[in-house]
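Reading through the structure tokens given below for one structure.
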Amino acid sequence: MKSFWDNAVSYTEYLREAGERLGNPKNSQESDYAEYYRLGIQRMNRMWEKYLPNSEQVATLANKNFNGKILIISEAWCGDASQVIPVVVKFFEQFEIKISYRDQEPSLIDDYLVNGGKSIPIVIFLDENLNEIAHWGPRPKYGTELLNKHKANPEEFTKDQFYVELQTYYAKNRGFDTIKELLELL
Numbered sequence: 231m232k233s234f235w236d237n238a239v240s241y242t243e244y245l246r247e248a249g250e251r252l253g254n255p256k257n258s259q260e261s262d263y264a265e266y267y268r269l270g271i272q273r274m275n276r277m278w279e280k281y282l283p284n285s286e287q288v289a290t291l292a293n294k295n296f297n298g299k300i301l302i303i304s305e306a307w308c309g310d311a312s313q314v315i316p317v318v319v320k321f322f323e324q325f326e327i328k329i330s331y332r333d334q335e336p337s338l339i340d341d342y343l344v345n346g347g348k349s350i351p352i353v354i355f356l357d358e359n360l361n362e363i364a365h366w367g368p369r370p371k372y373g374t375e376l377l378n379k380h381k382a383n384p385e386e387f388t389k390d391q392f393y394v395e396l397q398t399y400y401a402k403n404r405g406f407d408t409i410k411e412l413l414e415l416l
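Okay, here's the thing in structure tokens:
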């Protein structure tokens, strides 16, 4: 885990690099994902501005015995990541947090597959020695329920409906469920 931690970047660096990838793509995937990078940056900035930690959740964190670090596996083009990462970074700001790029560190994500897929973001709580305590991801339970609803009947609940409902949920919930679920792990 140490090498993944050492190669990971801060949230500020993550945002800066996302902007660079949008403005100057290094490969065809980055070019193909340009609109997703743009949306991701826009959503991360909006979530950063709008998110206010819930006082009860802050009190719950204070009663936890966590004093480690947080590693997040992500990519800036990911819709779930753009809603989750700013909330995690802001809520857990007193801890050291780094982000590891899923596509640059494929052996890391292979340890955190979700139903066989490389779904992101994955939030990993580490102790002071970088041993895993717990992990979470890629989205709050309600978001997963929406995805399962779409997969079970894509004609009835289309991909577009899924995306709209998921983004509406994120906008209304403002990170509360994400933090609630993360606190339950600690």
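Residue numbering for the sequence shown follows the working numbering, beginning at 231 and increasing consecutively.
We put the CB at the ideal spot given by N, CA and C, even for glycine.
- Looking only at Ala306, Val353 and Cys308, the smallest Cα-Cα distance to leucine 413 is reached by Val353.
- Per DSSP, the unbroken alpha helix (DSSP H) holding lysine 379 starts and ends at 371–382.
- For leucine 291, same chain residues with a beta-carbon under 7 Å away, outside a window of 5 residues either side, are Leu413 in chain order.
- It is roughly 7 Å from the alpha-carbon of cysteine 308 to the alpha-carbon of glycine 270.
- If only complete runs of 4 or more residues are kept, the segment 310–363 shows the alpha helix (DSSP H) at 336–339, in order along the chain.
- Inter-residue distance for asparagine 383 and asparagine 297 is about 43 Å (C-alpha atoms, whole angstroms).
- Serine 258: member of the alpha helix (DSSP H) spanning 258–262, first to last residue.
- Under a 10 Å Cβ-count criterion, threonine 408 is classified as buried, with 16 or more other Cβ atoms of the shown protein chains found around its own Cβ.
- Membership of lysine 299 in the beta strand (DSSP E) is indicated by the continuous run 299–304.
- Taking 8 Å as the cut-off, the Cβ atoms of isoleucine 300 and valine 288 do not count as close.
- In the DSSP assignment, glutamate 411 falls within the alpha helix (DSSP H) that extends over 406–415.
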